[in-house]
Each structure stands twice: as structure tokens, then as C-alpha cells.
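In this text, residue positions in the sequence shown follow the working numbering: the first is 786, and each later residue adds one.
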Amino acid sequence: SRLNLNHYLITYSDEPFLDLKMIKDSFKIISKSKTPFWIDNSNAIDGTFCYGFNQDAIRLMLNKKNSKDTEVWGTLANRLKIPKTSVKQNFRAKKDTVRLTIDYEEDFEVFKILAKEFFNQKFNVELHQILEFYIKSELYKINLFRSNDYLERLRIQSQLS
């Protein structure tokens, strides 16, 4: 690596409600790895997670990929059977009941509601508060159905790469 980095965490700009504890825990785990290894947090709540890779895993994937599409590194890492682990989230809300990413217009509508509710609190808001408000306000009725659309898009994308 020209930047002399050995460990990487990948987050996405369309996921503004990251789980900071997950990021810290993922970095601790990935920084200890000595062979190609990655952190797969895709079982976490949509819009709150990160992936982590060490440099050996990134090198392996770059040498083996057959497409310029790099949106979903986890698909390639799985196909190459690179060893992985995950960091568990400890929230009452589960992955299939919350959608906090911004891929569709409905997701943006939810984001605007959450921004209006929480952004005046600056950085004193925690993810569990956002999750509780999302559920209590039934925001899932606005955008949760989009999860299936997104999964189908990823399925098609993985077949093309």
C-alpha cells in the first residue's frame, strides 16, 4: 500500500447512522489479524455497519477480481473463502425490522424525519435512541419494504462480477 496502511474499515456515505461501538470493536479485531482476514458485519441493522479488511485480504481480492465493480467487497471475499468474523450488535431492534440506509426516496424521507428529530442535539444522540424513535414512530412503514429491492439488486450484481 502506498499509504502504508495495514487495516481498512469500509463505511458508506449512504449509511449515516453508523454504530460507533461496532467500528471500534471491528478495528480492534482486524488490527490483530496476521493472515488474509475480514470483518463481515452485514448481519447488522442496515445503515449502521462497517466492513473491515486487512491488507492481505485486500491484495488477494484485487488480484482475483474480474470486474471493476467494487461496491460489495464482501461478496468477493466470500467467493474467495477469506476467513471472517463479525461483531454483534446489542440492540432490541433487529436487522429485519429497521432500515437506516439511504438508497431510495423512501429512505431519504425517513432520514429527513430523523434529522429533524435528532440533529438539534448535535453529537449527543446515540444509535439506540434513533432505533427506538424509528420503531416507536413506525418509520418502518415508510421504507422497510425497500430492503427486498436492495437485496435483489445485490444478488444481480454478484452474478455479474
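For every residue, glycine included, the Cβ atom is placed at its ideal position computed from N, Cα and C.
Within the stretch 823-854, the complete alpha helix (DSSP H) segments of 4 residues or longer fall at 840-849, listed in chain order. In this structure, Glu894 places its C-beta atom within 8 angstroms of the C-beta atom of Asn928.
Of all alpha-carbon atoms in Lys879, Arg877, Ala878 and Gly859, the one lying nearest the alpha-carbon of Thr870 is that of Gly859.
With a cutoff of 8 angstroms on beta-carbon distance, Ile915 and Phe802 are scored as near each other. Between Leu845 and Leu865, the beta carbon gap of about 6 angstroms places them in contact (Cβ cut-off 8 angstroms). The alpha-carbon separation between Asn863 and Glu890 amounts to approximately 30 angstroms. Taking Lys806 as reference, the option from His792, Glu937, Ala900 and Asn875 with the minimal CA-CA separation is Asn875.
Taking C-beta separations shorter than 7 angstroms and ignoring five residues to either side along the sequence, the partners of Gly832 in its chain run Glu800, Phe802, Arg884, Leu885 and Thr886, following chain order.
For Tyr793, the uninterrupted beta strand (DSSP E) run begins and ends at His792 to Ile795, by DSSP. Closest by C-alpha distance to Phe896, out of Ser922, Asp881 and Asn909, is Ser922.
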